[in-house]
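Numbers 0 to 444, taken from numbering that gives the first Met the number 0, label the letters of the sequence shown in order.
As structure tokens, the structure follows; a few thoughts come after it.
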Amino acid sequence: MSISTALAVPEPGFAALMAARPHLAMDAMAGLLFEGVPLAAIADALGTPVWVYGAATMRGRYHALRAALDAAGLDAGVHYAVKANDHLAVLALFGAEGAGADVVSEGELRRAHAAGIPARRIVFSGVGKTLGEIRLALAEGIAQINIESAEELAMVSAVATAMDRRAPVALRVNPDVDAGTHPKIATGRAGDKFGIPYGDAAALYAHAATLPGIAPVGLAVHIGSQITAMAPYRAAYGRIAELVRSLRAQGLVVARVDCGGGLGIGYRDEPAAAPAAFAGAIRATLGDLGLRLMIEPGRWLVGPAGVLLASVVLVKQARPRRFVVLDAAMNDLLRPALYGAWHGIVPLSAVDAAAPASPAEIAGPVCESGDIFATDRALPPLEAGARVAILDAGAYGAVMSSTYNARPLAPQALVDGDTGAWRTIRVRQSHAELWAGELMPGRVA
Ligand code: LLP
């Protein structure tokens with residue numbers, strides 16, 4: 000064992016991973032259960048790789064968050080961040096529970112619409128909304144457009160005026176707060192591409208109030224993703240509260256604050272963000288301003304509620320390394336390759352799970368050295384054909400998949416612990432679909 004390994008914090012074993020995830024259980028006969036449904040049955044029926052989501056887990060998490068906001072006495076709407084998992088069944092599930100949506104593209108807006116979430120419960124975020132997207136949002140009667148720049152404010156004003164509408168807009172402010180997360184998913188530091196610089200926000204808000212076609216309704220802030228400490232939230236919301244007070248002192252109306260998303264989950268052994276602590280941070284900073292509040296959580300709602308099932312293709316001994324090569328790859332789940340993200344990996348078979356573990360590299364078959372799911376991970380002897388679940392893959396999993404190496408998109412299934420049943424919610428993409436739409440012109444003349 001290398002010194003760095005010896006000094007590293009030990010990784011959680013299967014028992015610890017399961018204990019922290021009440022929706023998962025290991026049955027001696029049926030193997031790994033997700034909301035009581037044997038995952039092996041889904042892998043048998045649909046093949047691997049396959050994504051599996053838990054409806055009861057998603058509903059339970061939504062209600063836990065809702066309850067925390069209500070208990071804190073906050074007038075707050077939950078706008079599910081569609082980007083985390085945009086499957087129609089997932090959107091419809093949250094919509095049916097009363098959630099709104101946070102969208103960042105025409106495609107997400109149309110998805111939310113198709114899943115039955117009305118535009119009056121939808122917020123449109125993002126740094127580069129096109130004229131077409133702004134037009135569509137206004138035509139649909141969007142609840143709010145979060146403006147990221149003076150340039151975008153001018154675009155919205157022009158489009159809304161031409162349509163004879165008034166666009167409800169919030170200014171997304173960059174509070175210059177470091178969320179203490181992975182640099183690729185931090186969005187609230189000065190110099191990040193997101194939001195209006197804090198120092199420019201007050202003047203732009205006053206300007207917005209004079210523009211035709213614009214109804215300034217409030218402020219928005221989103222400082223990053225996978226945030227597990229509350230201090231950055233408190234710092235950011237404190238700065239927003241200051242801005243609300245100073246705008247109001249100038250006689251401007253600020254009715255809403257969109258607090259963004261970013262709530263982190265426990266992938267390894269980091270403590271997940273607690274809904275009560277998050278609600279408490281909002282209440283302590285923004286609670287006394289009589290605001291209509293909004294939040295835009297994605298990962299926290301769906302991350303733990305999804306797994307990616309994969310089969311071992313072969314085990315390649317390249318001493319001292321043991322490469323367990325799966326049939327899932329970075330094209331399916333990109334997070335480990337892109338962020339060095341840690342995801343739990345648990346065998347589907349109880350026999351495999353109980354076998355003595357030794358270090359392994361868990362790899363995908365894609366032709367990139369970065370196509371590695373885990374390094375130096377203590378795992379049992381997993382032979383060809385053995386199956387594993389890659390945990391916490393419900394957020395930023397299937398949505399970030401590509402077909403690199405001409406690998407079709409994997410199917411998706413939904414289990415529901417409340418009924419004990421499961422359904423296919425997306426069939427595996429066929430190879431022919433990969434090149435449907437491609438043209439072979441021969442010699443281009
Ligand atoms: N609101 C806005 C404006 C956002 O940009 C995001 C995420 C959210 C809400 C939802 O954040 P959440 O609650 O899910 O943290 N692909 C990365 C995460 C990118 C997050 C992008 N923005 C990952 O796999 O970790």
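We put the beta carbon where it would ideally sit given N, CA and C, even for glycine.
- In this structure residue 225 is buried. Its beta-carbon is surrounded by 16 or more other beta-carbon atoms within 10 angstroms.
- Annotation note: the segment 298 to 342 contains the following uninterrupted beta strand (DSSP E) runs of length 3 or greater, listed N- to C-terminal: 305 to 317, 320 to 325.
- By the CB criterion at 8 Å, residue 327 and residue 363 fall inside the cutoff.
- In this structure, the straight-line span from the alpha carbon of residue 398 to that of residue 16 is close to 24 Å.
- In this chain, the alpha helix (DSSP H) harbouring residue 156 covers 149 to 161.
- Excluding residues up to 5 positions away in sequence, 399 lie with their Cβ nearer than 6 Å to the Cβ of residue 333 in the same chain.
- The C-alpha of residue 249 is placed about 42 Å away from the C-alpha of residue 58.
- For residue 403, there is no enclosing alpha helix (DSSP H), as DSSP marks it with neither H nor E.
- Annotation: the continuous alpha helix (DSSP H) that includes residue 245 extends over 230 to 248.
- Counted as a single uninterrupted DSSP element, the stretch harbouring residue 198 is not any beta strand (DSSP E) but the alpha helix (DSSP H) occupying residues 197 to 207.
- Per DSSP, residue 164 has no beta-bridge partner at all.
- Measuring C-alpha to C-alpha distances from residue 49 to each of 433, 420, 413, 437 identifies 413 as the nearest.
- Taking the C-beta atoms as reference points, residue 38 is found no nearer than 8 Å to residue 45.
- When secondary structure is reduced to three states using DSSP, residue 60 falls in the helix class.
- Of 211, 35, 131, 308, the smallest CA-CA separation from residue 103 is found for 131.
- Cβ-Cβ distances below 8 Å link residue 195 to 146, 147, 148, 149, 170, 171, 172, 173, 203 in the same chain, with the five nearest sequence neighbours on each side left out; the list follows chain order.
- Fewer than three pairs of CB atoms, one per stretch, sit closer than 8 Å, so the segment 294 to 304 makes no contact with the segment 237 to 256.
- In this structure, residue 295 has its beta carbon less than 7 Å from a heavy atom of ligand 1.
- In this structure, DSSP gives residue 109 a helical state, which the three-state scheme calls helix.
- Under the rule that a run must span 3 or more residues, the beta strand (DSSP E) segments found entirely inside the segment 343 to 387 read 344 to 346, 357 to 362, 371 to 378.
- Comparing alpha carbon positions, the residue from 106, 377, 340 closest to residue 396 is 340.
- By the C-beta density criterion, residue 26 is exposed, having fewer than 16 other C-beta atoms within 10 angstroms.
- Contact check between the segment 152 to 172 and the segment 211 to 221: three or more CB pairs, one atom from each, fall below 8 Å, which counts as touching.
- The Cβ atoms of residue 372 and residue 342 lie closer than 8 Å to each other.
- Boundaries of the beta strand (DSSP E) around residue 219: 213 to 219.
- Counting only the Cα atoms, residue 261 lies some 23 Å from residue 95.
- When rounded, the separation of the alpha-carbon atoms in residue 53 and residue 72 is 29 Å.
- Remark: C-beta atoms of residue 354 and residue 335 do not approach each other more closely than 8 Å.
- By the CB criterion at 8 Å, residue 314 and residue 347 fall outside the cutoff.
- Boundaries for residue 72: no alpha helix (DSSP H) harbours it, and the DSSP string shows neither H nor E there.
- In the DSSP secondary-structure assignment, residue 79 is bridged to 100.
- Around residue 11, the same chain offers 268 as residues with beta carbons nearer than 6 Å, after the five sequence neighbours per side are excluded.
- Excluding the 5 residues flanking it on each side, residue 304 has same chain C-beta neighbours closer than 6 Å at 52, 53, 56, 57, 393, in chain order.
- Contact between residue 302 and residue 34 fails: their C-beta atoms lie close to 15 Å from each other, not under 8 Å.
- One thing to note: residue 271 has its Cβ within 8 Å of the Cβ of residue 263.
- Set against 7 Å, the gap from the CB of residue 259 to the closest heavy atom of ligand 1 is smaller.
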